[in-house]
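These notes concern the structure reproduced below.
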Ligand code: GDP
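Spelled out as structure tokens, the structure:
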């Protein structure tokens, strides 16, 4: 089991990263803040481990998502995790590579896939899309990619598991291009088909081949050596020839990395490799440093212009995790620093209320391994403990006011009626549900037909309902009963659309409005029902919510 270095040992290449007070502009330029988006089993944990090994892990917040690299996080959540064998602990891993500081934010997947997964993407400047070479694009990859596109997050693609039989490289590129309308521009290209990987060509240096061979003694990490074109042609004739032909074809079609198109979300640089054997991982890491954008100015709400990185401190709360520690029952808010220098102990203002918030308890990590963070720069993530007052989407600032645009809500796919088990605890029940709604744990929907006594909870992932059950019982002492509804998808609509849907006898569905923002949602059992509604009432708008499928 791998342990990452703790915060007190964060010396990197002889200099300290993130500890010494530096200039916000200069430190921001050294930061790369990114997330890996993938479908479960594509190899995210494996890749995260490999990236952190290549680089020098500075700190890790919580656990590397996954089975092997898991660190102890003592919390009520942990019991749930153990019971289900999954991780609900989102992690922020900080490491250094070539004098740069990389912040890798975890996107929880599997059954714990929830709005949190999407919200992480509001806090990154770039995403690495991890694709299984045998499976191509998969459901969760699609959903996460939609969010990246919506938020304008540029995407680097890593095609993983090339050491195992899989699909044709050109065919995988076609899939990305036709499904995502995203031009793939390979930066590395495999020598040998999936399952017969001989090596990689870096297209910027096409006269050489990086050859990988199995390490002796059963070590997982493959050996890397560089071959000139002559030797590559002599020793890997067929495969080398084929790679050359394919590369020529790609050049002809203009599939060449273009920084502007990449940053505009129109193209994606593509890398091939095998995270398990550490093949292609260094090249990917270099790409994050060389291609991913450093933290830049962030747009403010309501046409308020931008907040440049050199402005006084500002940060965005992108995740609030409650009840991490049973003995404290505290709440930790994860803040992405957007501008200025964060120093522990500084008093900041919560934009939503104008009230001060003291940051005495700022941590770079959580769970048992919490350690105080002293200074953080744009792109870094700080965990604020005792953050009961903070909400997802909140802006914190110092000196000069900033308000970032509200966090979007995402298309729910799971719906349940919630009722108190004990009618005598209705007051606690209402308070608890309102609090969970405000925190963004679930979206709460109501309708006249169902009445206020039986609100409907809407969630992106079913795990969110477990969190509701657990917190309602333990925190609000109002145990609940959930009854799931046979809907699987939602669209935003207007009052007229809602009335038509509720009155229609032909279309199965139901309209309710969202308590938080009053938006009307039409709930449907399937996409087929949406189509029939649209056929029946062509004038009524149904708007796709983010990440709806
Ligand atoms: P996650 O669910 O995306 O975090 O996926 P994991 O990292 O847990 O990987 C899922 C499975 O794929 C594990 O059995 C890994 O050992 C395996 N795996 C990951 N990367 C590679 C790879 O490059 N090659 C091969 N052959 N297996 C891999």
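Numbering (the UniProt record's numbering), first residue to last: 27 to 575. C-beta: ideal position from N, C-alpha, C; glycine also.
Quick check: the Cα distance between residue i and residue j, rounded to an integer number of angstroms?
i	j	result
residue 572	residue 566	19 Å
residue 54	residue 335	7 Å
residue 127	residue 121	6 Å
residue 168	residue 144	12 Å
residue 256	residue 123	32 Å
residue 339	residue 324	12 Å
residue 87	residue 119	For residue 87, the pLDDT reaches just 39, beneath the cut-off of 50, and the residue's location in the model is therefore unreliable, leaving the point undetermined.
residue 170	residue 68	14 Å
residue 246	residue 376	48 Å
residue 315	residue 58	7 Å
residue 542	residue 230	51 Å
residue 458	residue 535	28 Å
residue 368	residue 400	8 Å
residue 289	residue 407	22 Å
residue 8	residue 547	In the structure as shown, the chain begins at 27 and stops at 575. Residue 8 is therefore absent and cannot be evaluated.
residue 211	residue 203	10 Å
residue 181	residue 310	12 Å
residue 172	residue 460	29 Å
residue 106	residue 502	Here the model assigns residue 106 a pLDDT of 43, short of 50, so the residue's position is not dependable, and the following value carries that caveat. For residue 106 and residue 502, the distance between alpha carbons rounds to 18 Å.
residue 139	residue 254	46 Å
residue 258	residue 556	55 Å
residue 47	residue 291	Any reading at residue 47 must be qualified, since the residue scores a pLDDT of 49, below 50, and its modelled position is unreliable; no value is offered.
residue 529	residue 175	36 Å
residue 569	residue 552	15 Å
residue 301	residue 383	42 Å
residue 239	residue 278	31 Å
Label residue i either buried or exposed according to how many other C-beta atoms from any shown protein chain fall within 10 Å of its C-beta, with 16 as the threshold for buried.
i	result
residue 522	exposed
residue 450	exposed
residue 209	buried
residue 500	exposed
residue 345	buried
residue 381	exposed
residue 531	exposed
residue 510	exposed
residue 490	buried
residue 554	exposed
residue 249	exposed
residue 90	Bear in mind that the predicted position of residue 90 carries a pLDDT of just 33, short of 50, making it unreliable; the figure below should be weighed with that in mind. It is buried - the Cβ of residue 90 has at least 16 other Cβ atoms within 10 Å.
residue 426	exposed
residue 233	exposed
residue 93	The predicted position of residue 93 is uncertain, since its pLDDT is 32 and thus under 50; a value taken from the coordinates is nonetheless stated next. Answer is exposed; the Cβ neighbour count stays below 16.
residue 512	exposed
residue 49	exposed
residue 217	buried
residue 166	buried
residue 275	exposed
residue 141	buried
residue 446	buried
residue 134	buried
residue 285	exposed
Checking 9 Å against the spacing of the C-beta atoms, do residue i and residue j come in under that value?
i	j	result
residue 188	residue 149	no
residue 130	residue 72	no
residue 299	residue 184	yes
residue 281	residue 199	yes
residue 9	residue 482	Because the chain in this structure spans residues 27 to 575, residue 9 falls outside the shown range and cannot be described.
residue 563	residue 526	yes
residue 504	residue 438	no
residue 283	residue 213	yes
residue 273	residue 252	no
residue 358	residue 269	no
residue 191	residue 241	no
residue 476	residue 538	yes
residue 444	residue 415	no
residue 550	residue 515	yes
residue 193	residue 147	no
residue 151	residue 320	yes
residue 322	residue 360	no
residue 455	residue 506	yes
residue 287	residue 297	no
residue 405	residue 343	no
residue 540	residue 452	no
Q | the segment 463-473 contacting the segment 372-382, beta-carbon criterion three pairs below 8 Å | A | Three or more Cβ pairs closer than 8 Å define a contact, and the segment 463-473 falls short of that threshold against the segment 372-382.
Q.
Give me the pocket residues for the ligand GDP, defined as CB within less than 6 Å of any heavy atom, sorted by chain position.
A. Applying a distance threshold of 6 Å between residue Cβ atoms and the heavy atoms of the ligand GDP selects 64, 66, 67, 68, 69, 70, 71, 72, 92, 186, 187, 189, 190, 300, 301 and 302, given in chain order.
Q) Should the segment 408-421 be regarded as contacting the segment 483-502, the criterion being three or more beta carbon pairs within less than 8 Å? A) With a cut-off of 8 Å, the segment 483-502 and the segment 408-421 do not count as touching, because too few Cβ pairs lie within range.
Q: Decide if the segment 215-230 is in contact with the segment 257-265; the criterion is three or more beta carbon pairs, one per stretch, under 8 Å apart.
A: Enough Cβ pairs lie closer than 8 Å, so yes.
Q.
Contact between the segment 317-333 and the segment 298-306 is defined here as three or more beta-carbon pairs at a separation below 8 Å; is this criterion met?
A. The segment 317-333, when compared against the segment 298-306, does not touch it at the 8 Å Cβ threshold.
Q.
Is it the case that the segment 55-68 contacts the segment 152-171, given that we only count it when at least three CB pairs across the two stretches are under 8 Å?
A. The segment 152-171, when compared against the segment 55-68, does touch it at the 8 Å Cβ threshold.
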